[in-house]
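*Asks:* A single structure is presented below for examination.
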């Protein structure tokens with residue numbers, strides 16, 4: 015008796031897979047025409063050639079097999095370079111399903127926020143919300159490429175805040191009719207850079223923490239408008255923050271992640287991320303991590319939970335599956351040495367995915 019092979023699932027039968035991935039110095043892997051620099055010159059990553067980093071990224075993106083990837087630190091856009099051209103060249107080179115790219119407002123840095131997606135599965139539109147603010151800013155939730163005016167430390171003086179990397183706001187619809195609001199985020203880093211004195215380190219750390227929290231308050235205000243409208247909202251990216259991550263959190267009462275999730279709000283107004291929930295409830299003990307950095311003074315690696323995929327109650331009700339592609343903590347990754355090594359070479363962050371069955 016012969017058995018007929020089971021038919022392969024159709025693409026629309028698979029869960030929708032979205033990812034966030036901070037690719038360290040992705041920009042340095044392309045020339046000005048958006049062509050990959052697959053050579054033996056060293057990449058911006060320590061002791062890794064450009065060809066090695068590109069090969070590792072190809073392995074990781076292929077393994078993710080996502081319908082959409084929010085790429086943090088995507089290649090630059092300016093008068094000479096194009097984020098979209100570079101990413102679409104990368105996708106074509108390695109035959110990725112997510113092969114069309116979109117960005118929003120360009121960054122002031124060489125690091126853009128971009129969405130690389132599968133056009134067979136998703137229709138995607140850059141759809142910024144909020145009113146444009148004048149140079150002196152607006153309160154509430156103005157458009158992300160303008161300025162927020164807010165009293166950040168309750169001293170009666172309003173500060174003006176701008177995103178160096180404006181969040182990417184997308185209106186997305188799947189082929190089976192699921193509509194999503196997606197916001198990609200790369201929040202302010204809290205770590206001082208360069209040679210500084212201990213006093214300067216403390217001062218800059220507090221300033222950076224204040225800026226990072228202001229960005230999260232701005233994002234939270236935008237999220238609340240979508241939640242109030244009952245929309246399917248996903249906020250994902252690198253928040254450069256996590257519950258209990260540093261001692262400066264005590265000065266401000268909450269981490270940016272706790273503000274973003276709306277832990278003090280009614281259930282219908284909260285965002286969910288199980289990895290953030292673990293970190294909040296287990297201040298002492300095991301918590302997940304998404305990034306791995308080398309600390310030269312201590313001569314060791316330091317891990318942190320910085321990358322999140324937060325969803326509205328309407329998406330949480332679909333019982334999605336979250337996963338951190340950690341090379342040492344994920345048993346499935348550990349079973350594939352090529353993928354494990356690629357994750358370590360490709361970036362100092364690891365991808366986070368969510369599978370949604372609508």
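Residue numbers (our numbering): 15 to 372.
C-beta: ideal position from N, C-alpha, C; glycine also.
Is it right to say residue 156 is buried, meaning 16 or more other beta carbons lie within 10 angstroms of its own, or is it exposed?
*Replies:* It is buried - the Cβ of residue 156 has at least 16 other Cβ atoms within 10 Å.
*Asks:* Starting from residue 303, follow the beta strand (DSSP E) in both directions and report where the run begins and ends.
*Replies:* Segment: none, residue 303 is in no beta strand (DSSP E) and carries neither H nor E.
*Asks:* Kindly indicate which three-state DSSP category residue 247 falls into: helix, strand or coil?
*Replies:* In the structure shown, residue 247 sits in a strand (DSSP, three-state: E or B).
*Asks:* Once DSSP output is grouped into helix, strand and coil, what is the label at residue 193?
*Replies:* In this structure, residue 193 counts as strand in the three-state DSSP scheme.
*Asks:* Should residue 230 and residue 191 be called a contact, given that it needs their Cβ atoms to be closer than 8 Å?
*Replies:* The answer is no: Cβ separation not under 8 Å.
*Asks:* If contacts are defined as beta-carbon pairs under 8 Å, then residue 285 and residue 292 qualify, I think. What distance do you get, rounded to the angstrom?
*Replies:* Their Cβ separation, rounded to whole angstroms, is 15 Å, which puts residue 285 and residue 292 out of contact at 8 Å.
*Asks:* By Cβ distance, which residues of its chain are closer than 6 Å to residue 393, with the 5 residues on each side in sequence left out?
*Replies:* Outside the displayed range of the chain (15 to 372) lies residue 393, so it cannot be described from this structure.
*Asks:* Nearest by alpha-carbon distance to residue 113: which of 321, 92, 84 is it?
*Replies:* For the residues 321, 92, 84, the minimum Cα distance to residue 113 belongs to 84.
*Asks:* Tell me the DSSP secondary structure of residue 329 in three-state form.
*Replies:* Residue 329: helix per DSSP, three-state reduction.
*Asks:* What's the C-alpha gap between residue 79 and residue 282?
*Replies:* Those two C-alpha atoms are separated by around 32 Å.
*Asks:* Give the C-beta separation of residue 50 and residue 104 to the nearest angstrom, bearing in mind that I take them to be a contact with Cβ-Cβ under 8 Å.
*Replies:* With 8 Å as the limit, residue 50 and residue 104 qualify as a contact, their Cβ atoms being about 7 Å apart.
*Asks:* The beta strand (DSSP E) spanning residue 161 covers which residue range?
*Replies:* Its beta strand (DSSP E) spans residues 161-164.
*Asks:* Would you call residue 296 buried or exposed, if buried means 16 or more other Cβ atoms sit within 10 Å of its Cβ?
*Replies:* It counts as exposed.
*Asks:* To the nearest angstrom, how far is the alpha carbon of residue 140 from that of residue 186?
*Replies:* Roughly 9 Å separates the two Cα atoms.
*Asks:* Report buried or exposed for residue 109, applying the criterion of at least 16 other Cβ atoms within 10 angstroms of its Cβ.
*Replies:* It is exposed - the Cβ of residue 109 has fewer than 16 other Cβ atoms within 10 Å.
*Asks:* Just to confirm my understanding: we take residue 196, look at its own chain, exclude 5 residues before and 5 after, and list those with CB closer than 6 Å. What are they?
*Replies:* Excluding positions up to five away in sequence, the list reads 184, 186, 248.
*Asks:* Please classify residue 66 as buried or exposed, where buried requires at least 16 neighbouring CB atoms within 10 angstroms.
*Replies:* Buried, since its Cβ has 16 or more Cβ neighbours within 10 Å.
*Asks:* Using beta-carbon positions only, say whether residue 232 and residue 182 come within less than 8 Å of one another.
*Replies:* For residue 232 and residue 182, no; Cβs fall outside 8 Å.
*Asks:* Which ranges does the beta strand (DSSP E) cover as unbroken runs of at least 3 residues, wholly within the region 98-152, from first to last along the chain?
*Replies:* Complete beta strand (DSSP E) runs here, min 3: 114-117, 126-131, 136-140.
*Asks:* Which residue from 370, 362, 371, 372 puts its Cα closest to that of residue 59?
*Replies:* Ranking 370, 362, 371, 372 by Cα distance to residue 59 puts 362 first.
*Asks:* Starting from residue 291 and walking both ways along the alpha helix (DSSP H), at which residues does that stretch end?
*Replies:* Start and end: 288-295.
*Asks:* Near residue 308, what residues of its chain come up, given a Cβ to Cβ distance below 7 Å and the 5 sequence neighbours on each side ignored?
*Replies:* For residue 308, where only same-chain residues beyond five positions count, the Cβ hits under 7 Å are 315.
*Asks:* How would you call residue 111, buried or exposed, if buried means at least 16 neighbouring beta carbons within 10 angstroms?
*Replies:* By the 10 Å Cβ count, residue 111 comes out buried.
*Asks:* Is residue 324 buried or exposed, if buried means 16 or more other CB atoms sit within 10 Å of its CB?
*Replies:* Buried, because 16 or more other Cβ atoms sit within 10 Å of the Cβ of residue 324.
*Asks:* As a quick exercise: from 122, 225, 34, pick the residue whose alpha carbon is nearest that of residue 12.
*Replies:* Nothing about residue 12 can be read from this structure; the chain reaches only from 15 to 372.
*Asks:* If you follow the beta strand (DSSP E) that residue 360 is in, where does it begin and where does it stop?
*Replies:* Note, residue 360: premise wrong, no beta strand (DSSP E); alpha helix (DSSP H) at 351-360.
*Asks:* May I ask you to list the residues that DSSP assigns as paired with residue 314?
*Replies:* In the DSSP output, where bridge partners are listed per residue, residue 314 has 309.
*Asks:* So residue 43 is in the alpha helix (DSSP H); what residue range does that whole segment cover?
*Replies:* Residue 43 -> no alpha helix (DSSP H), and no H or E assigned at all.
*Asks:* Less than 8 Å between the CB atoms is what I'm expecting for residue 304 and residue 350, so what's the real figure, rounded?
*Replies:* Between residue 350 and residue 304 the Cβ distance is about 19 Å, and since that is not below 8 Å, they are no contact.
*Asks:* Output the boundary residues of the beta strand (DSSP E) element that contains residue 338.
*Replies:* Where residue 338 is concerned, the enclosing beta strand (DSSP E) stretches over 335-338.
*Asks:* Could you check how far apart the C-beta atoms of residue 115 and residue 97 are, in whole angstroms? I think they sit under 8 Å.
*Replies:* Between residue 97 and residue 115 the Cβ distance is about 7 Å, and since that is below 8 Å, they are a contact.
*Asks:* Verify whether the separation of the beta carbon atoms of residue 255 and residue 320 is less than 8 Å.
*Replies:* Yes; because the gap between Cβ atoms is below 8 Å, this pair is in contact.
*Asks:* Got a sec, what are the start and stop residues for the alpha helix (DSSP H) residue 69 sits in?
*Replies:* Where residue 69 is concerned, the enclosing alpha helix (DSSP H) stretches over 64-78.
*Asks:* Shortest alpha-carbon distance to residue 76 belongs to which of 371, 370, 357?
*Replies:* Among 371, 370, 357, the Cα nearest to that of residue 76 belongs to 357.
*Asks:* Report the residue from 294, 62, 333, 27 whose alpha carbon sits nearest the alpha carbon of residue 135.
*Replies:* Cα-wise, what sits closest to residue 135 is 27.
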